[in-house]
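Inspection log for the structure reproduced underneath, given as structure tokens.
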Amino acid sequence: MIRTIVGEAFTRQKLSGGKVHEILQHGNIFGMRRSTSSYPIASTHSEIENQHKNEKLLRRLVTYVEKSTYMEEVRIAQNRVMSIKGQLLAAGDEKRSLMRKLEDIRNELNHIYKDMKINRTKEAYLELARQEIELCESEKHYSDLYKMADKKEQLLFTEFSAAINASYEKEKLHTNFIKIISIVGTVASSFIALIFSIFMHTYHQKMFFSQRTLDENVVNTVKALEEKVTELLTEWDQQKTLLENSNKAEKESWRSYLYRHTRWMYSWAIKSS
Numbered sequence: 000m001i002r003t004i005v006g007e008a009f010t011r012q013k014l015s016g017g018k019v020h021e022i023l024q025h026g027n028i029f030g031m032r033r034s035t036s037s038y039p040i041a042s043t044h045s046e047i048e049n050q051h052k053n054e055k056l057l058r059r060l061v062t063y064v065e066k067s068t069y070m071e072e073v074r075i076a077q078n079r080v081m082s083i084k085g086q087l088l089a090a091g092d093e094k095r096s097l098m099r100k101l102e103d104i105r106n107e108l109n110h111i112y113k114d115m116k117i118n119r120t121k122e123a124y125l126e127l128a129r130q131e132i133e134l135c136e137s138e139k140h141y142s143d144l145y146k147m148a149d150k151k152e153q154l155l156f157t158e159f160s161a162a163i164n165a166s167y168e169k170e171k172l173h174t175n176f177i178k179i180i181s182i183v184g185t186v187a188s189s190f191i192a193l194i195f196s197i198f199m200h201t202y203h204q205k206m207f208f209s210q211r212t213l214d215e216n217v218v219n220t221v222k223a224l225e226e227k228v229t230e231l232l233t234e235w236d237q238q239k240t241l242l243e244n245s246n247k248a249e250k251e252s253w254r255s256y257l258y259r260h261t262r263w264m265y266s267w268a269i270k271s272s
């Protein structure tokens, strides 16, 4: 909890600036002890200045966090409770001390009352009477002090109860604030997660449709290429056929050519024979 953050070094201990600097140098922040093996000593003036700046920045950050989360008020209320508790314990010790003195005085008075059963004409009776008067005055004095201490203890107890209630209210305020921050953080994180999921879903949908469009374009391009290749192959077959026919025409001899073109002249003779 934030109670462990520098607060005890700042308020409960009531340290001066030099003492705070000494605590920070020894690494008492966050309950950790800094050692020279894990944190090398700054060897230059600039490193020392940077270290001081970081410490000041850390103190400011801790102070801001404590003020924002009402932790400073909680710590002040707890310090007041501890202070009143110390005064209450001191008042109780004072009452017990006065009570012991009163018991001693009353025991002495009982002894004197037993000794005063002698003949009142003796000189010892006068001495016992004088001691009785002194002890009665002391008893009255300590009795008044005891009453004052008892009244003080009652007032401190009332103040202690009020301080406990105030500390409880401050802690309740701090706890409620932390709960509110947690709820707000949960809602904000859920909202951010929802926005992120919507964004990712939209992004994937766009990527899907763009990939689908690209695939369709590729398919259409492939079909167009296939048609073009088919046309080229058809044209090639036609050209090949024409070329073969032309080659055959070129290879035909004059004899076959004359026979083919003059056959009508003597074909009637062949038929009649």
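Its first residue numbered 0, the sequence shown is counted upward by one per residue in numbering that gives the first Met the number 0. Yeah, the Cβ is synthetic: ideal placement off N, Cα and C, and Gly gets one too.
No Cβ-Cβ contact shorter than 8 Å links A162 with V73. Here Q77 is buried. Its C-beta has 16 or more other C-beta atoms within 10 Å.
By the criterion of at least three beta-carbon pairs nearer than 8 Å, the stretch 93 to 111 is in contact with the stretch 131 to 148. Here the alpha carbon of E170 sits roughly 8 Å from the alpha carbon of M70. For T68, the three-state secondary structure derived from DSSP is coil. Proximity of the stretch 145 to 163 to the stretch 82 to 102 meets the contact definition, three or more beta-carbon pairs being nearer than 8 Å. Non-local C-beta neighbours of F159 in its own chain, meaning closer than 8 Å and more than five positions away in sequence, comprise V80, I83, K84, L87, ordered along the chain. Straight through space, the alpha carbons of F208 and N53 are spaced by roughly 52 Å. Spanning the alpha carbons of S166 and F195 requires a straight line of approximately 42 Å. Within the same chain, Cβ atoms closer than 8 Å to the Cβ of M115 are found at Y124, L127, A128, E131, the five residues on either side in sequence being excluded. The three-state secondary structure of T185, taken from DSSP, is helix. The shortest CA-to-CA distance from K150 to any of D214, W235, K94, D236 is the one to K94.
Taken through DSSP and simplified to helix, strand or coil, K116 comes out as coil.
When rounded, the separation of the alpha-carbon atoms in D214 and Q204 is 15 Å. Residue state for T233 is assigned as helix, using DSSP reduced to three classes. By the Cβ neighbour-count rule, V186 is exposed, with fewer than 16 other Cβ atoms within 10 Å of its own. In the structure shown, T157 falls within a helical segment according to DSSP collapsed to helix, strand and coil. Just so you know, the alpha carbons of K55 and E46 end up roughly 14 Å apart.
Looking at E122, Y202, Y145, the one whose alpha-carbon comes closest to that of M98 is Y145.
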